[in-house]
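Below you'll find the structure, written out as structure tokens, and then a few comments.
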Amino acid sequence: MMRRLVIRCSPGGKQSITSPGGRRLCTGRKCLFGQAAAKQRVEARFWATGKQQGLRSLTLGAVGTSVTAFTGYSCYRLLSAWDQTEDVELPAVPEPSGHFVHPYETWPWYQKAWFALKRSVFLAWVFAPFMCASTLLVVFGKESRRWREHWLHQMLECTQRAGAAFQKFGQWLSMRPDMFPPDVILVLSKLRADAPAHSGVVSRKMLKDQFGKDVDELFDEFQEEPVASGSVGQVHRARLRAEHALDGPGGQLRDVAVKVQHPGVIDSAFMDLNIVWKIVEFSENFLHMTMPFDRSDFDEVIQAQMDFTREAFNLQRFARNFKGERRIRFPKVSSRFVTPEVLVETWENGEIISNVMEDFDNAKAACQDAMTALEMKKREVQGDLSKILYDMSMKMMVRDNFVHGDLHGGNILYSKNDDHVTVLDAGIATSLDKRTFAPFGRFLHALCSGQTEKVVEYLQRFNESNMVVNTKQLHTDIQETMDKYMGPFRLDKEGPLNAADMFGEVMFTLQKHGMLLKGDVASTLFTISISEGLVRQLDPTFDVAKQALPYITKYMGSTFVHS
1 MMRRLVIRCS PGGKQSITSP GGRRLCTGRK CLFGQAAAKQ RVEARFWATG
51 KQQGLRSLTL GAVGTSVTAF TGYSCYRLLS AWDQTEDVEL PAVPEPSGHF
101 VHPYETWPWY QKAWFALKRS VFLAWVFAPF MCASTLLVVF GKESRRWREH
151 WLHQMLECTQ RAGAAFQKFG QWLSMRPDMF PPDVILVLSK LRADAPAHSG
201 VVSRKMLKDQ FGKDVDELFD EFQEEPVASG SVGQVHRARL RAEHALDGPG
251 GQLRDVAVKV QHPGVIDSAF MDLNIVWKIV EFSENFLHMT MPFDRSDFDE
301 VIQAQMDFTR EAFNLQRFAR NFKGERRIRF PKVSSRFVTP EVLVETWENG
351 EIISNVMEDF DNAKAACQDA MTALEMKKRE VQGDLSKILY DMSMKMMVRD
401 NFVHGDLHGG NILYSKNDDH VTVLDAGIAT SLDKRTFAPF GRFLHALCSG
451 QTEKVVEYLQ RFNESNMVVN TKQLHTDIQE TMDKYMGPFR LDKEGPLNAA
501 DMFGEVMFTL QKHGMLLKGD VASTLFTISI SEGLVRQLDP TFDVAKQALP
551 YITKYMGSTF VHS
């Protein structure tokens with residue numbers, strides 16, 4: 001049976017549609033049917049859909065704007081926090097007073113004699129395997145690779161066990177490839193990063209003795225396994241408790257490196273330097289090894305490294321000197337966490353430079369197809385690092401008169417993420433006497449520009465020996481050295497000047513004439529040789545003498561240099 005809709009019209013023209021069951025379906029002046037009704041439904045749906053899409057677009061736009069704003073604000077806060085962390089001022093470490101005096105110097109003579117006897121027996125026992133290996137190598141195995149490897153192994157192990165003075169001496173020898181075969185240099189270079197470590201229990205006890213608190217009271221985290229060990233101490237990674245942050249309670253500087261001195265370092269620094277000096281004197285004729293400066297100055301420089309308060313002061317001074325240079329950093333220290341045996345400093349990310357170069361070599365070996373690109377990238381990084389480090393060392397020398405005395409590859413971190421270097425281990429720092437600074441600048445300029453007359457003049461001014469010097473013969477010998485490294489007939493006409501070798505020749509000439517350089521001058525020349533060795537390891541084509549002249553002129557003035 002067909003059902004029908006009932007349509008009623010009121011007198012006012014108002015229409016209503018009612019179903020057979022009495023349900024009202026539509027009321028209004030216009031109740032549409034057929035195509036008109038379909039059109040109305042489409043228009044209604046279109047406007048409803050448009051409103052939804054508009055609302056959706058507005059919502060997405062608002063969310064996107066919020067996310068962008070939040071991300072930008074977060075980055076701003078992070079950068080601001082980083083800047084604030086970089087610029088935060090920590091409690092200053094007071095400058096150590098006077099010259100370093102070894103604590104054993106106050107002992108009576110009989111106590112010193114007893115210590116010397118015990119130390120001599122200990123060193124004889126330590127070096128016995130090396131002496132036996134040397135004898136066997138000479139007698140039976142000069143041509144045997146196996147015997148030589150055993151001899152090299154014993155040399156490294158015995159030097160490591162002998163203590164800080166011998167390790168420092170080995171590190172210095174590793175920077176002189178002109179004096180020893182490559183395999184000896186390679187073995188000795190391990191002393192810069194692979195010194196023996198002491199147990200974490202010893203470090204915990206040292207921290208308790210120095211700060212009067214257990215490790216758990218000072219740190220939320222403390223890694224007993226050291227991340228690095230050097231000749232004087234080892235480094236543990238840790239996180240300070242919030243109330244002990246370096247920049248004050250609740251501060252941001254909580255991730256730290258804890259440097260703890262090795263037991264027995266003070267012992268080795270007292271007598272062992274005498275033995276090292278005797279070795280140098282014994283070797284001067286056949287190894288061309290020389291130290292023509294006062295022995296007491298040398299001893300003081302090495303012994304001062306045993307006092308971590310000096311290192312903390314040096315770090316703060318270096319940080320002030322390089323405050324405006326974002327690519328060069330130094331760890332931050334606070335006087336609240338510094339003692340002669342323990343130093344707490346900010347943890348700095350990065351890899352030591354030698355490891356960075358090894359990473360490139362390993363990647364090349366693993367991926368032959370990318371070898372050329374990796375080699376180009378390695379050279380680019382090496383060239384960039386050599387410029388940064390040379391720029392830093394020259395500014396230390398001629399701008400600040402305060403030079404890091406141990407700039408080898410194990411003391412410099414490189415961060416690939418933000419492309420900066422961090423300089424560590426500032427226990428040795430040298431500066432020239434105020435009266436010597438200006439003449440030394442002129443001497444350096446004369447040396448780098450090949451002015452023999454002025455070089456001889458200033459060498460005599462820096463001489464502290466009472467022996468009569470034959471000036472004419474000294475001039476002849478220095479001229480020969482200058483011609484050898486800088487003259488028109490030098491062997492390597494195209495390559496850069498090897499400043500370290502030239503300095504070595506000059507030192508040997510001074511010793512031959514019985515001259516002794518002022519301690520600060522000799523120490524500065526020594527640090528120049530070390531930093532030049534590092535720069536040349538990174539970039540063998542870098543000409544340190546040629547690059548030095550603009551720095552001397554800029555920071556000392558052309559009038560000053562030529563006066």
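Under UniProt numbering, the residue at position 161 of the sequence shown is numbered 161, and the numbers go up by one with no gaps.
Yeah, the Cβ is synthetic: ideal placement off N, Cα and C, and Gly gets one too.
{"Asked": "A269 to L117 span [Cα, whole Å]", "Found": "15 Å"}
{"Asked": "Helix, strand or coil at V421 according to DSSP, with G and I counted as helix", "Found": "strand"}
{"Asked": "First and last residue of the uninterrupted alpha helix (DSSP H) at V544", "Found": "V544 to M556"}
{"Asked": "Stretch pair the stretch 381–393 + the stretch 532–548: three plus CB contacts closer than 8 Å", "Found": "yes"}
{"Asked": "Reduced DSSP category for S393 - H, G, I as helix; E, B as strand; rest coil", "Found": "helix"}
{"Asked": "Beta-carbon proximity check, S465 vs G405, cutoff 8 Å", "Found": "no"}
{"Asked": "Reference E457; option with closest CA among M467, S449 and P439", "Found": "P439"}
{"Asked": "Per-residue DSSP class, three states only, for L426", "Found": "In the sequence as displayed, the identity of residue 426 is Ala instead of Leu. Coil at A426, not helix or strand."}
{"Asked": "Inter-residue Cα distance where the pair is L444 and F115", "Found": "43 Å"}
{"Asked": "Close-in-space but distant-in-sequence residues of the same chain around G233 (CB under 6 Å, 5 per side omitted)", "Found": "K259, V260, Q261 and H262"}
{"Asked": "Rounded Cβ spacing between G441 and V381 (contact assumed at less than 8 Å)", "Found": "The Cβ separation is near 32 Å, so there is no contact."}
{"Asked": "Cβ shell of F46 (< 8 Å), same chain only, five flanking positions each side left out", "Found": "Confidence is the limiting factor: at F46 the pLDDT is only 48, short of 50, which leaves the residue's position unreliable, though a coordinate-based value still follows. Within the same chain, F46 has no close Cβ partners at all."}
{"Asked": "Nearest-angstrom Cα separation, counted from R320 out to F169", "Found": "31 Å"}
{"Asked": "Nearest residue (CA-CA) to G248, options G409, S335, K434 and L273", "Found": "S335"}
{"Asked": "V342 versus V93 - alpha carbon distance", "Found": "14 Å"}
{"Asked": "Per-residue DSSP class, three states only, for V237", "Found": "Residue identity check: residue 237 is Arg in the sequence provided, not Val. Residue state, collapsed to three classes: strand."}
{"Asked": "At least three beta-carbon pairs within less than 8 Å, the stretch 413–430 to the stretch 212–226", "Found": "no"}
{"Asked": "Backbone CA spacing between S74 and R119 [nearest angstrom]", "Found": "At S74, the pLDDT of 49 sits below 50, so the modelled position is not reliable; the number obtained from the coordinates is stated separately. For S74 and R119, the distance between alpha carbons rounds to 59 Å."}
{"Asked": "Endpoints, beta strand (DSSP E) assigned at F337", "Found": "V333 to V338"}
{"Asked": "Reduced DSSP secondary structure (H/G/I, E/B, other) of N463", "Found": "strand"}
{"Asked": "Distance between beta carbons of L459 and L510, contact taken as under 8 Å", "Found": "7 Å"}
{"Asked": "Exposure of K278, with buried meaning 16 or more beta-carbon neighbours within 10 Å", "Found": "exposed"}
{"Asked": "Residues that residue 577 bridges to, as DSSP identifies them", "Found": "Within the shown structure, residues of the chain are numbered from 1 to 563, placing residue 577 beyond reach of any answer."}
{"Asked": "S174 - containing beta strand (DSSP E), residue span", "Found": "Note, S174: premise wrong, no beta strand (DSSP E); alpha helix (DSSP H) at A164 to S174."}
{"Asked": "Short Cβ contact (8 Å threshold) for V187 with R204", "Found": "no"}
{"Asked": "Close beta carbons around D543, own chain, < 8 Å, minus the five adjacent residues each side", "Found": "P496 and L497"}
{"Asked": "Segment limits, beta strand (DSSP E) that includes S415", "Found": "I412 to S415"}
{"Asked": "Outcome for M206 when other beta-carbon atoms lying within 10 angstroms are tallied against a minimum of 16", "Found": "buried"}
{"Asked": "Supposed contact pair N463 and V455 - C-beta distance, whole angstroms, cut 8 Å", "Found": "Not really, about 13 Å apart at Cβ, beyond 8 Å."}
{"Asked": "Within 8 Å, strictly: CB atoms of N411 and D400", "Found": "no"}
{"Asked": "K534 versus K332 - alpha carbon distance", "Found": "It should be pointed out that residue 534 corresponds to Leu in this sequence rather than to Lys. The straight-line gap from Cα to Cα measures roughly 24 Å."}
{"Asked": "Cβ separation of T436 and D520, assumed to be a contact under 8 Å, to the nearest whole Å", "Found": "6 Å"}
{"Asked": "D272 to K518 span [Cα, whole Å]", "Found": "23 Å"}
{"Asked": "Helix, strand or coil at T309 according to DSSP, with G and I counted as helix", "Found": "helix"}
{"Asked": "Contact belief for W347 with A257 at Cβ below 8 Å, rounded distance in angstroms", "Found": "5 Å"}
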